[in-house]
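Some notes on the structure that comes next.
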Amino acid sequence: MESVLSFLLCLILLSSCNSPNTASNSPGQPSAPGTGVATGGPTGDPTGGTTAPPTLDAESAAFVVLLNNLRAQNGLAALALSPLLNLSSQWMSTDMATNNYFDHTDSLGRDPFTRMAAFGYDSNDEGENIAAGNSDAQSTYTQWVNSAPHLANMLDSNYTQIGVGRAYSADSTYGWYWTTDFGSN
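According to my numbering, the sequence shown is numbered sequentially starting from 478.
Okay, structure coming up:
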């Protein structure tokens, strides 16, 4: 599906929120595999070793469609799906869900730029959005569209690629965790 090959861009903020259905446009964290989440995420080397990129689940793919439709409505090119950004964003969502936190700094102490580089992604323009508490694409999309910094990331004309990660843990504060990583390769 062509629309699956695109995503929205996000600005980087170093703030985080700690309430349900929260969103942040700061650097993201790894996502955990579970029911209804993207599969095929990295295993072993948490710094981004050589593993296959995760496959988008239906909700992650639906988010890409929503985002690229928004970009088209604003005269912007669709974002292409990047396997390396998928690895980075899925890892971040999994890490947040598994380790029960919500922050752009991951459990290894890396900011989004360091994490993306660890997964082999090199770009001059990078950004990240994170959200927690929503299981579905529409709710996460609506949450980010209604947040000026997140919307600005999604509509940033410098970004050309995206990765998306979604993870769930019943033992975590928010249950569901989302990460979108943006770049311009």
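Ideal placement from N, C-alpha and C gives every residue a C-beta, glycine not left out.
With DSSP run on the structure shown, which of helix, strand or coil describes S566?
helix
Spatial neighbours of Q506 within its chain, please: C-beta separation below 6 Å, excluding the five flanking residues on both sides.
In this prediction, Q506 scores a pLDDT of 31, lower than 50, which makes its location untrustworthy; no coordinate-derived value is stated.
Tell me, which residues are paired with G660 by DSSP?
E603, Q638
Anyone know if the C-beta pair for N576 and T650 falls short of 7 Å?
no
N606: which of A594, L562, G586, Y645 sits nearest, CA to CA?
L562
Grab the span of the alpha helix (DSSP H) containing P589 for me, first residue to last.
589 to 595
Figure out for me which residue from S612, N611, G604, R643 has the closest Cα to the Cα of P626.
G604
If you follow the alpha helix (DSSP H) that N551 is in, where does it begin and where does it stop?
Premise fails: N551 is in no alpha helix (DSSP H) and is neither H nor E.
With distances taken between CB atoms, is the gap from S566 to G640 smaller than 7 Å?
yes
Using the Cβ count rule (16 or more neighbours within 10 Å means buried), how would you classify N551?
exposed
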